[in-house]
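As they're listed, the protein sequences go chains A and B.
Residue 3 is where the first sequence starts when you use this note's numbering, and the numbers rise one by one after that.
Residue 2 is where the second sequence starts when you use this note's numbering, and the numbers rise one by one after that.
Just so it is clear, CB atoms sit at the ideal spot from N, CA and C, and this is done for glycine as well.
Structure record follows, encoded as structure tokens.
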Amino acid sequence: MSGPSIYEPKTAIERWLDSRLPIIRFGVDFMAFPTPRNLNYWWTFGGILSFCLVAQIVTGIVLAMHYDPSGAGAFVSVEQHIMRDVNYGWLIRGIHANGASMFFLAVYLHMLRGIYYGSYKAPREVLWLLGCVIYVLMMATAFMGYVLPWGQMSFWGAKVITNLLGAIPVVGPTITTLLWGGFAVDDPTLNRFFSLPYLLPFVIAAVVALHVWALHVPGNSNPTGVAVKSKADTLPFHPYYTVKDGFAVSLFLILFAMFVFFLPDAFAKVDNEVMANPLVTPAHIVPEWYLLPFYAILRAIPDKLGGVIGLGGAIALVFALPWIDRSKVRSMRYRPMARTYFFFWILSAVVLGWCGSQEPDAQLFPGVTFFNLIDYDINSVTWVSRFAAIYYFAFFAILGLLPMWEKTRPVPDSLFTPVLSHGAAVPAGAVAAPEKKG
Amino acid sequence: MAFRLTLAAALACGLAMPALAATTQVAPKDVHWSFEGPFGMYDQAQLQRGYKVYREVCSSCHSMNMVAFRNLGDQGGPFWSPKYPNPNENPVVKAIAADYQIPDIDGDTGEAIKRPGTSADYFPNPYPNPTAGKAANGGALPPDMSLLAKAREGGPAYIYSIVTGDDANIPAGLVVPPGKHYDPYIAGDMSPYWKGDPNHVPRGGVIAMPPPLGPGKVQFDDGTPSSLQQEAWDVSAFLEWAADPKMEERKQVGLAAMIFLVLFSGLLWVTYRGVWRDVEH
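See the structure below:
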């Protein structure tokens with residue numbers, strides 16, 4: 003923890019404990035952690051994500067009590083036992099299944115905030131790397147968790163994704179066989195995929211602890227990107243940010259509850275309401291929305307190994323961001339050019355996501371043959387995803403080269419200057435207008 | 002703040018874009034249901050009529066493995082009665098169950114027997130095994146109906162469209178193989194059976210099921226005229242209940258949860274403003 007401890011044991015028993023296990027000191031200092039006073043609502047997703055992780059672990063453990071990890075029993079234990087007979091089983095499963103989507107929604111917003119405000123830059127590279135590790139672990143957990151209901155999409159999704167690993171030279175087929183526990187996706191695979199998503203959330207929790215530790219060494223970044231200079235720039239985490247994060251979590255819960263109670267199947271695929279059948283391939287195998295951009299990149303490259311490399315590269319480049327982006331200006335608030343490229347990068351990811359949900363051969367404008375160039379029909383989802391993927395990757399190159407010609411706006415001297423300048427217009431002691439916050 | 006929340010919501014919607022399937026079939030008919038929207042509940046009279054259609058028509062070929070007789074008397078179910086909070090004691094449920102013969106084993110001799118059903122039993126399968134089901138239906142196993150309304154794009158409207166799909170109006174030039182029936186609402190590829198313009202292949206697919214319903218096929222106990230549309234509408238609603246029997250409970254709990262969350266958020270906002278009142282930021 004940065005800064006001197008503010009804790010002073012008051013009673014004999016506190017002094018006794020403090021010299022043996024300073025856990026109260028840890029808690030007190032943790033809650034009083036000096037936090038920049040200009041954090042906006044985009045900084046509340048850390049709290050929201052902590053809530054999501056706890057919610058997934060708690061509901062997951064309860065679901066595991068009622069779940070049968072066997073090819074014959076898995077689908078029935080979910081769709082008949084949990085959804086119909088277990089008291090509030092529909093609610094626990096609804097929270098868990100929709101919670102995965104909510105978790106990814108929050109993590110994407112959290113990551114985009116980190117990129118927009120340059121939070122990954124020195125001295126927060128390790129913080130960023132740990133966050134990326136959490137994200138990869140989340141994808142692995144979500145993918146394996148999705149296999150558990152053992153519906154058609156569970157089964158065929160598992161088959162497609164595990165087959166990808168087979169494209170890795172030399173060790174690929176061995177890894178696939180180990181994952182399958184045999185030579186096809188079957189009962190042993192399901193048992194592995196039940197054991198691992200029970201383990202991984204606790205690994206995630208451990209990496210989250212490291213992530214928070216790595217946050218508490220340099221402290222939070224902030225929307226201006228200017229380093230905290232004095233105690234006057236900060237507020238104790240509690241009560242100022244506990245209450246703000248609490249409010250944000252509560253708003254997030256309204257969205258969450260809307261899906262759980264009124265649109266429980268909004269993210270679900272109809273094929274997953276049919277029990278897994280190795281003899282019947284669904285017409286259209288699609289992963290969950292949060293994996294769609296990567297799925298589109300995979301399909302855009304007309305070579306299996308190339309596709310896997312593209313998919314891995316799309317994630318690896320995010321890890322490398324602190325070393326790609328060398329701009330001295332941290333926040334994109336003062337980098338109008340970088341900001342424009344960044345918003346187009348988000349757009350490219352959304353377009354890729356849309357492409358991933360479509361049939362690769364489908365036409366963008368049905369029936370239009372105008373775009374037939376040489377031997378290729380540019381009017382196809384595959385080609386749209388290729389163009390979007392090119393921009394997705396080009397963004398990292400742009401970000402790396404941009405400081406050579408970029409004109410940045412003046413950065414304030416301290417993170418508090420812009421706040422004071424507009425704060426001066428407000429009479430002292432008056433309630434600040436909420437729309438001017440941040 | 003409002004702008005930022007809007008932006009966040011727009012981002013959320015963009016990321017949560019639904020997967021769209023390619024359209025090889027005609028979109029399901031536009032049907033109105035009592036259970037639409039956040040407050041929509043099942044119409045119990047409709048569920049009872051729908052159950053009768055299932056019992057007298059569908060159940061001779063289609064299983065409904067995940068539904069027990071007692072479920073019919075659960076809250077939100079077709080035969081729920083506040084007089085019988087325990088559905089196992091509901092006389093209607095007991096009578097329906099007793100009407101079925103359930104395979105069992107004689108407790109003394111171990112011989113295979115059949116006994117009248119109890120409310121704890123599940124709807125029995127019309128065929129002893131899937132192979133028998135296929136053999137009796139030209140090679141196509143009639144799908145289990147427990148989750149059918151959730152397992153098809155379009156849900157109950159899809160079921161309604163399939164069973165009311167007009168088999169008689171086959172487009173000229175379409176030669177449907179014997180034992181199969183053309184249905185524009187089924188996904189498929191009709192080009193192998195199409196003799197006309199290859200650029201205008203009719204949308205739709207083939208289904209092994211002959212048109213199951215028709216006027217007067219099921220006589221409703223409440224005097225509702227039994228047209229094809231009425232039967233299809235009621236049985237589709239019943240199958241939606243079978244696939245989502247906890248919907249009424251879900252929406253009721255959901256309403257309370259939403260009211261709580263909105264009030265709680267309001268209180269937190271007031272607390273937040275109070276804590277930050279004298280802080281320049």
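- By the neighbour-count criterion, in which a residue is buried when 16 or more other Cβ atoms sit within 10 angstroms of its Cβ, A:LEU265 is exposed.
- As the crow flies, the alpha-carbon of A:TRP291 is around 43 Å from that of B:ALA98.
- Using a C-beta cut-off of 8 Å, the stretch 239 to 248 of chain B makes no contact with the stretch 239 to 251 of chain A, since fewer than three inter-stretch Cβ pairs fall below that distance.
- Going by beta carbons, B:CYS59 and B:MET146 fall inside the 8 Å limit.
- Residues VAL149, ALA160, THR164, LEU181, TRP182, GLY183, GLY184 of the same chain have their beta carbon placed closer than 8 Å to that of A:THR191, with the five preceding and five following residues left out of the count.
- For B:ARG116, the secondary structure class from DSSP, reduced to helix, strand or coil, is strand.
- Of all residues in the stretch 42 to 74 of chain B, those with a C-beta nearer than 9 Å to a C-beta of chain A are ASN66, MET67, VAL68, ALA69, ASN72, reading in chain order.
- B:TRP234 carries a helical assignment under DSSP once its states are collapsed to helix, strand and coil.
- Cβ contact annotation for A:LYS246 (same chain, cutoff 7 Å, sequence separation greater than five): THR46, in chain order.
- At a cut-off of 8 Å between C-beta atoms, B:ALA188 counts as an interface residue with respect to chain A.
- B:GLY255 belongs to the set of residues whose beta carbon lies under 8 Å from a beta carbon in chain A.
- Rounded to the nearest whole angstrom, the C-alpha separation of B:GLU112 and A:ASP305 is 60 Å.
- Under the three-state reduction of DSSP, B:LEU148 is assigned to coil, being neither helix nor strand.
- Note on geometry: alpha-carbon atoms of B:VAL176 and A:ASN100 lie some 45 Å from one another.
- A straight line joining the alpha-carbon of A:LEU19 with that of A:SER7 spans about 16 Å.
- According to the DSSP assignment, A:GLY315 belongs to the alpha helix (DSSP H) that extends over 306 to 321.
- When C-alpha distances from A:ASP267 are compared across A:MET334, A:ASP327, A:ALA102, A:LEU349, the shortest belongs to A:ALA102.
- Of B:GLY38, B:ALA28, B:ASN200, B:ASP44, the smallest CA-CA separation from B:SER237 is found for B:ASP44.
- Annotation: the continuous beta strand (DSSP E) that includes B:HIS182 extends over 182 to 184.
- In terms of Cβ geometry, B:GLY51 and B:ASP235 form a close pair [threshold 8 Å].
- Where B:GLN253 is concerned, the enclosing alpha helix (DSSP H) starts and stops at 248 to 276.
- The beta-carbon of B:VAL27 is placed no less than 8 Å from the nearest beta-carbon of chain A.
- Sequence-distant partners of A:ARG332 (beyond 5 residues in either direction) whose C-beta falls short of 6 Å from its own C-beta, in its chain, are GLY120, LYS123, GLY227.
- By the rule that beta-carbons nearer than 8 Å mark a contact, A:ASP20 does not touch chain B.
- Shown here for A:LYS271: same chain residues with a beta carbon closer than 7 Å to its own, the five before and five after excluded, namely MET155, VAL288 in chain order.
- Look at the beta carbons and you see the stretch 206 to 217 of chain B not touching the stretch 122 to 137 of chain B: under three pairs across the two are nearer than 8 Å.
- Using a 10 angstroms sphere on the CB of B:ILE106, the tally of other CB atoms stays under 16, which defines it as exposed.
- Judged by beta-carbon spacing, A:GLY73 lies within the 8 Å limit of A:ASP189, meaning their Cβ atoms are closer than that value.
- The beta carbon of A:ARG95 sits closer than 8 Å to the beta carbons of THR61, LEU65, VAL80, ILE84, MET85 from its chain, once the five residues preceding and following it are set aside; these are given in chain order.
- Against chain B, the CB of A:ASP267 has a partner CB under 8 Å away; the residue lies at that interface.
- Scanning its chain for C-beta atoms nearer than 7 Å, with the 5 sequence neighbours on each side dropped, one finds around A:ASP70 the residues ALA76, SER79, in chain order.
- Taking a C-beta distance under 8 Å as the contact criterion, A:LEU417 and A:ASN224 qualify as a contact pair.
- Look at A:MET277 here: in three-state DSSP terms it is strand.
- Identification of chain B residues near A:LYS233 by a Cβ-Cβ cut-off of 9 Å yields none; the smallest Cβ-Cβ distance measures about 14 Å.
- In terms of Cβ geometry, A:LEU132 and A:VAL209 form a close pair [threshold 8 Å].
- Sorting A:CYS357, A:GLY147, A:ALA169, A:TYR9 by C-alpha distance to the C-alpha of A:PHE296 places A:CYS357 at the top.
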